[in-house]
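Chains as they are written, first to last, in our numbering: chain A, 1 to 409; chain B, 1001 to 1476.
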């Protein structure tokens, strides 16, 4: 086979990496290079340096080290039985691309994943060496390493010391689906590895016996990804699994990735357009679980079909069937109640709680403060507004449902 | 009328000085016309009042003012001054987000913060050839507001080991050998490129997923005004145009023949499973491996992994607890959480080495209910104890200990079929169905749950006394 140019490899190995949804570069330790001895810095919330026409942020150089893989996971473009051309980056090539892109302010850092070659340990060791080489050369930007569940604990420890974030993909919502579509992957092994990352993080967070602070292990935490729409799992199953993952392994994020057609696809999977709205609703529900004190059973119920409403967001859907809890008096209700008002986010609620000390708020006040009044209006009482019969109107739901967009192509 | 004219470089410091003098003299906002040096001012431009007494502002104000001053329309300076003046008599003003002035300030600040953020994101450096000790880069950028001074520190902190220059239509920011310099110089857009832009564009084209085309979402984040200075955006039209066809082609393509590796059924070394010896007696390793796949009760669905017993295969004593907890579930080892630590301490206190003992649980998967982000331990149901019993029975058969110790009611139930009256039976010696002696005591987590320190000390003493019997029982 003719030797591939760096450009050809980059094309192939970034194309193969795009199915990982995460591009976050947030939540790590603050670092900088104003001392002149290194390159790079981190900011609290990360920066999106570009956006592709799929609307997704490009923050990191997201590539595979190699797309050779011994596994044969049906949903994956790199599975062993796929006919895609194969390539592999050397350690130096990835280090060079990362730092040269970084110096031109194209990226916040590197998100490195890989197919499994030779063995789990061999592959993980090569990936860890890339991260360690970057650090040894003074790179202080963000590094996210995909972790191979079967890799030796020492390698996972080295990975966490060089990287900001580690992630292990749970791949599919149920163990049965993993067994069906990714027969060589072991769901228990994946969970065990996530548990190991959590425990190692805890161990490093404790001061050493001399009271000194130890090195930071994966300061931006760990995350995972589930593919949505490849198997028949309902939203209740998906969110139930996510909820458990957050609880058991202290994950920073669970990413939901709508299954989208891949070139050279396996015959066992649906090659339809990716369920983007479903993915969006899952993220909204995920937020309600983590930041709005909703219980899983309030958002989606198995006895009611187990699927989220695609037409309205999950908080609005909840409010529409719990109208007896409304209207909420914006000038009196406590935080937990205000967070349940459709259209009110955590920021606007914080502003309301502060601002109402200076006097009762009206609708126009809420609008000036950045509230989505149109959405909230039927559910709230303000100084100058009461929804009256509007709240009980039979057509309240239809008022929120956007008419179907016509296909533009 | 006052018409302060502030310098283009050092605007914030100059505004702060002028605003302090004016506010101390209680000059109303309507009597101040803010502007930059070189801009026309009011005809009657009075000298600024002398600096006077100290002004106090809440902590949030300097940050807000810093963002407002670069406003190109000039309104930001006026709004910031209005707030400064009102804060002297209304110290809580900033929390009133619905107040007209505060809301206006935040509206302007939001636009400027976005401009700052976009400049952090969209500056594109190009290497400026002549390499000395430090590499040299230049960039051209057109911000909406006068944010060059505000953003300079971000680039200093990020690109500390190289020399760079960011040129905007009004200001040139130069960072050379660790020193930062800003100069008000008029410049026009240079014609330049960088060899890396080809690779960057390759990356941009390939990380795009045509099946998820959402042009509006992209344009909301990169408005077209930025495009001409972003090399990768040149590919956007063709990427959009071909997206539909690329997806249709993927959907219509019939699944291809598998690649050779899989066609030959090449087995990877990792998936090969050792065949167990079907006729020999099982070893502990056999048991442990078989148990990995256990689905006899529903607990395996939510737990991380099975937590099997641990210890020498010829141990003389076996301790049986209830079930793994949060820590045990994550580590995959029994008795390593808080109760495990107490257990280890008590063992050590009575002179028993844990490494000499076999330690296991009646139920091998963690049972819990989730409250928010915490997993709260739940006592296993009788059916779960029953389902798991076969593993415990086999462990006893393989290890063949001379003594079994039941820690707590669940273990006692699993071992004898009856867990009632634990505290009455504590310290007693019973016998298992096979005649093996069974020492009954409490579970160490029971001690951890006792709220009263005195009772806890008393019970801990009893627990220690029970464990100290193990030595004597093994001697006989």
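We put the CB at the ideal spot given by N, CA and C, even for glycine.
Alpha carbon to alpha carbon, how far is residue j from residue i? Give it in angstroms, no decimals.
i: residue 279 of chain A; j: residue 1209 of chain B; result: 15 angstroms
i: residue 1326 of chain B; j: residue 1424 of chain B; result: 29 angstroms
i: residue 262 of chain A; j: residue 14 of chain A; result: 14 angstroms
i: residue 1113 of chain B; j: residue 201 of chain A; result: 34 angstroms
i: residue 114 of chain A; j: residue 67 of chain A; result: 6 angstroms
i: residue 1009 of chain B; j: residue 1032 of chain B; result: 21 angstroms
i: residue 1460 of chain B; j: residue 1348 of chain B; result: 14 angstroms
i: residue 1433 of chain B; j: residue 1416 of chain B; result: 8 angstroms
i: residue 160 of chain A; j: residue 1374 of chain B; result: 24 angstroms
i: residue 1007 of chain B; j: residue 131 of chain A; result: 46 angstroms
i: residue 1474 of chain B; j: residue 1441 of chain B; result: 16 angstroms
i: residue 232 of chain A; j: residue 172 of chain A; result: 10 angstroms
i: residue 1187 of chain B; j: residue 143 of chain A; result: 37 angstroms
i: residue 1122 of chain B; j: residue 1076 of chain B; result: 24 angstroms
With 16 as the cutoff for other CB atoms within 10 Å, does residue i come out buried or exposed?
i: residue 126 of chain A; result: buried
i: residue 20 of chain A; result: buried
i: residue 1092 of chain B; result: exposed
i: residue 164 of chain A; result: buried
i: residue 272 of chain A; result: exposed
i: residue 1225 of chain B; result: exposed
i: residue 107 of chain A; result: buried
i: residue 348 of chain A; result: buried
i: residue 1369 of chain B; result: exposed
i: residue 1157 of chain B; result: buried
i: residue 365 of chain A; result: buried
i: residue 195 of chain A; result: buried
i: residue 1000 of chain B; result: No answer is possible for residue 1000 of chain B: it lies beyond the span of chain B, which begins at 1001 and ends at 1476.
i: residue 291 of chain A; result: exposed
i: residue 1471 of chain B; result: exposed
i: residue 313 of chain A; result: buried
i: residue 321 of chain A; result: exposed
Alpha carbons only, please: which of the options is nearest the one belonging to residue i?
i: residue 1154 of chain B; options: A:47, A:219 and A:179; result: A:47
i: residue 246 of chain A; options: A:296, A:148 and A:273; result: A:296
i: residue 1313 of chain B; options: B:1391, B:1390, B:1426 and B:1395; result: B:1395
i: residue 376 of chain A; options: A:319, A:383 and A:357; result: A:319
i: residue 64 of chain A; options: A:55, A:30 and A:9; result: A:9
i: residue 281 of chain A; options: A:290, A:309, A:289 and A:303; result: A:309
i: residue 1316 of chain B; options: B:1357, B:1105 and B:1324; result: B:1357
i: residue 384 of chain A; options: A:324, A:394 and A:329; result: A:329
i: residue 251 of chain A; options: A:350, A:242 and A:259; result: A:242
i: residue 1034 of chain B; options: B:1081, B:1066 and B:1050; result: B:1081
i: residue 1202 of chain B; options: A:294, A:178 and A:12; result: A:12
Of all the CB atoms in chain A, is at least one closer than 8 angstroms to the CB of residue i?
i: residue 1390 of chain B; result: no
i: residue 1214 of chain B; result: yes
i: residue 1202 of chain B; result: yes
i: residue 1229 of chain B; result: no
i: residue 1270 of chain B; result: Low local confidence applies: a pLDDT of 40 at residue 1270 of chain B is under 50, so the model's placement there is unreliable, and no value is given.
i: residue 1222 of chain B; result: yes
i: residue 1232 of chain B; result: yes
i: residue 1097 of chain B; result: yes
i: residue 1211 of chain B; result: yes
i: residue 1207 of chain B; result: yes
i: residue 1331 of chain B; result: yes
i: residue 1273 of chain B; result: At residue 1273 of chain B the pLDDT is 39, less than 50, meaning the model places this residue with poor confidence; the figure from the coordinates comes in the next sentence. For residue 1273 of chain B, the answer is no, since every Cβ of chain A falls outside 8 angstroms of its Cβ.
When the cut-off is 8 angstroms and only beta carbons count, does residue i lie next to chain B?
i: residue 106 of chain A; result: yes
i: residue 188 of chain A; result: yes
i: residue 286 of chain A; result: no
i: residue 358 of chain A; result: yes
i: residue 172 of chain A; result: no
i: residue 18 of chain A; result: yes
i: residue 15 of chain A; result: yes
i: residue 246 of chain A; result: yes
i: residue 313 of chain A; result: no
message: Give me the subset of the segment 1302-1321 of chain B whose CB atoms are less than 9 angstroms from a CB atom of chain A, sorted by chain position.
response: So the list reads 1302, 1303, 1304, 1305 and 1306, given in the order they occur along the chain.
query: Along the segment 1161-1183 of chain B, what residues have a CB closer than 7 angstroms to any CB found in chain A?
result: Taking 7 angstroms as the Cβ-Cβ cut-off against chain A, the residues of the segment 1161-1183 of chain B that qualify are 1161, 1162 and 1178.
- request: Could you list the residues in the segment 1372-1384 of chain B with a C-beta less than 9 angstroms from some C-beta on chain A, going in chain order?
  value: So the close ones are 1372, 1373, 1374 and 1375.
message: Please identify, using Cβ separations under 7 angstroms, the residues of the segment 37-54 of chain A that lie next to chain B, in order along the chain.
response: Answer in chain order: 37, 38, 39, 40, 41, 47, 48, 49, 50, 51, 52, 53 and 54.
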